[in-house]
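J.: Residue numbers (our numbering): 5 to 190.
Beta carbons are placed, not taken as given, at the ideal position from N, Cα and C, and that holds for glycine.
Here's what the structure looks like:
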């Protein structure tokens, strides 16, 4: 399995251009205040997503599997970005937001155990969608709104969490379809 050099360069250019957006925006507003660590973390995450996608593209030519993988990656990336940038429960500094790490743990462990096979990935993403919705339920018990900020609101937190859960569920259903059609990643 060899990654195409041109495509890898394309991902690097994409990451650099993407990182230029906050870099340039910082020149015009105080609302965006990234330091070197922020740029490094986001660069590593974006390159990691690109490499993961390229590996899947090499190993599977099946569109349903690739769509499932992309939607799952998109959900994980957006969850990481939103939670890290502004937080889902209150601000990014609220300890309650650390609970969303369970979603990433489920995804990583499930993907490794299933060896990225469609049937196992379907189960993994289904569990990730359930865990995504459990996080605010557990958080509201541990950190009720009277103790911490639930900005924008409790319903808003559940709605946003539902959006991510929907992406993971959609990915799960596409992986299931891929598995049912014998389109497993080999």
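Taking 7 Å as the threshold (C-beta atoms), are residue 172 and residue 133 in contact?
T.: yes
J.: Using a 10 Å radius around the Cβ and a threshold of 16 neighbouring Cβ atoms, would you call residue 73 buried or exposed?
T.: Classification for residue 73: buried.
J.: Quick one, are the C-beta atoms of residue 68 and residue 182 less than 7 Å apart?
T.: yes
J.: Alpha carbon to alpha carbon, what distance is there between residue 56 and residue 21?
T.: 19 Å
J.: Any contact between the stretch 141 to 149 and the stretch 44 to 52? By contact I mean 3 or more CB pairs, one from each, below 8 Å.
T.: no
J.: Which ranges would you report for the beta strand (DSSP E) in the stretch 72 to 134 if only whole runs of at least 3 residues count?
T.: Runs of the beta strand (DSSP E) lying entirely within the stretch 72 to 134 and spanning at least 3 residues: none are present.
J.: CB-CB under 6 Å to residue 106, same chain, minus the five flanking residues each way: which ones, in chain order?
T.: Closer than 6 Å at Cβ, skipping near neighbours: 135.
J.: Can you give me the Cβ contacts of residue 97 inside the same chain, cut-off strictly under 8 Å, excluding the 5 residues immediately before and after it?
T.: 91
J.: Between which residues of its own chain and residue 109 is the CB-CB distance below 6 Å, once the five residues before and five after are set aside?
T.: Apart from sequence neighbours up to five positions away, no residue of its chain approaches residue 109 with a beta-carbon distance below 6 Å.
J.: Looking at the structure shown, is residue 148 part of a helix, part of a strand, or coil, going by DSSP?
T.: The three-state reading of DSSP puts residue 148 in coil, since its state is none of H, G, I, E or B.
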